[in-house]
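Notes follow the structure.
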Amino acid sequence: MNIILLGPPGAGKGTQASRLVDERGMVQLSTGDMLRAAVKAGTPTGLKAKAVMEAGELVSDEIVSGIIGEALDDLKPETGVIFDGYPRTAAQAESLDVILSDRKRTLDHVIELEVDEDALVARITGRFTCAKCNEGYHDTFKQPKVAGVCDVCGSTEFKRRPDDNEETVRTRMTEYRAKTAPILPIYEARGLVRRVDGMADIKHVTEAIEAILDS
Ligand code: ADP
Ligand code: ADP
Ligand code: ZN
C-alpha cells in the first residue's frame, strides 16, 4: 500500500502519518523532515535548501525527487509508504510515477485533508515538536499529558520550526494554492483522490483515513 497525504501546511499530514506508522507498520516519507535533517547535518542539499525553506518557498523538484528515490531504495519492497509533503508540484507528481514504477510500486490512494484556511495559521503558530523523538504537539490542540514532558520519550526539550511564523505561513499557503493544489486533478482523473475532513479531531481524522485504507 502506497498513499499520498495531501493538504496545505498545518493540515495534519505529519500528525496523521505518524499515527498510521504506529498502527499499520507503514513508513512515513516526509520530504520536510528529510530536508530539515539535511539542513541540520549541513550536507550540500541542506546548504541549498536552508534559505528557501526559511522563506517558505519550494525546494527544487530535482532535490526532493532525488531524496524520495533514495529513501525508497532503503525500504523492503513490501513495506507500505505514506508520502507526506511530496509531491508538491506537477513535475514532482510526474517524477513520482516514474520513481514508483521503476520500483514496481503502485499508488493506491491520494488522501486530501480538507481544512479551513483560517485555522491553518493557528495550527502552524502553535506547533512544536519533541527535540528528541520528534513527536508533534500543539499549544492548544495537542498538549503533552504532563506539561513540559514528552508523552512518548519523556524528554523535556522541545523545538519550534523557524518557518512556523505567520508571515512565512502565508507564503507557504500561496505556494500550496499555486503549485500543489493543481496536482489534484491529475490524480482525480485516475480515480485516486479521497477527501477527509481535516477539521475534525485528530482521532476522528485517523479513523476516516483508516476507513479508506480498509475499503
Ligand atoms: P502538516 O504536516 O500538514 O503541516 P501537522 O500534522 O504538523 O501538519 O499539524 C500542524 C499542527 O496542528 C500540529 O501542532 C498538530 O499537533 C496540530 N493538529 C494536527 N491535526 C489536528 C487536528 N485535527 N485538530 C487540531 N490540531 C491538529
Ligand atoms: P508543512 O507540511 O508545514 O508545509 P513541510 O515540513 O512539509 O511543511 O515542508 C517544509 C518546507 O520544506 C517547505 O515549505 C518547503 O520549503 C520544503 N519542502 C518540503 N517538501 C517539499 C517538496 N516536496 N517540494 C519542495 N519543497 C519542499
Ligand atoms: Zn519525545
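Per this note's numbering: the sequence shown = residues 5 to 219. The beta-carbon is built from N, C-alpha and C at its ideal position, and this holds for glycine as well. Only a predicted model underlies this, so the values are computations on that prediction, with no experimental measurement involved.
Which whole-angstrom value is the C-beta distance of residue i and residue j, which I expect to be below 8 Å?
i: Gly-36; j: Arg-176; result: That belief does not hold up - the Cβ atoms of Gly-36 and Arg-176 are roughly 10 Å apart, past 8 Å.
i: Pro-91; j: Ile-213; result: Pro-91 to Ile-213, Cβ: 19 Å. No contact.
i: Leu-4; j: Ile-103; result: With the chain represented from 5 up to 219, any question about residue 4 goes unanswered, as that position is not in the structure.
i: Val-197; j: Tyr-191; result: 5 Å
i: Asp-65; j: Thr-47; result: About 18 Å; that fails the 8 Å criterion.
i: Gly-16; j: Ile-206; result: 7 Å
Would residue i pass as a contact of residue j if the rule is Cβ separation under 7 Å?
i: Met-30; j: Gly-84; result: yes
i: Gly-18; j: Val-119; result: no
i: Ile-86; j: Ala-185; result: no
i: His-142; j: Ile-7; result: no
i: Val-173; j: Ile-128; result: yes
i: Leu-124; j: Gly-14; result: yes
i: Val-25; j: Gln-32; result: yes
i: Glu-170; j: Leu-62; result: no
i: Ser-34; j: Asp-88; result: yes
i: Thr-49; j: Ile-72; result: no
i: Asp-167; j: Glu-58; result: yes
i: Thr-210; j: Lys-163; result: no
Per DSSP, which residues does residue i bridge with? Please list them.
i: Cys-134; result: Phe-162
i: Val-31; result: Val-85
i: Lys-146; result: His-142
i: Val-197; result: Val-114
i: Ile-7; result: Ile-86, His-113
i: Val-153; result: Val-150
Report whether the distance from the Cβ of residue i to the nearest heavy atom of ligand 5 is below 6 Å.
i: Leu-39; result: For the structure depicted, ligand 5 is absent and the ligand set comprises only ligand 1, ligand 2 and ligand 3.
Query raised in the report: Could you name the residues, in chain order, whose CB is less than 5 Å away from a heavy atom belonging to ligand 3?
Result: Residues with their Cβ less than 5 Å from any non-hydrogen atom of ligand 3, running along the chain, are Cys-134, Lys-136, Cys-137, Glu-139, Cys-154, Val-156, Cys-157, Ser-159.
Query raised in the report: When the Cβ atoms of the segment 44-59 are set against those of the segment 142-149, are three or more pairs found closer than 8 Å?
Result: In this structure the segment 44-59 does not touch the segment 142-149; the number of beta carbon pairs closer than 8 Å is below three.
Query raised in the report: Does the pairing of the segment 154-167 with the segment 135-143 give three or more beta-carbon distances under 8 Å?
Result: The segment 154-167 makes contact with the segment 135-143; the number of CB pairs closer than 8 Å reaches 3 or more.
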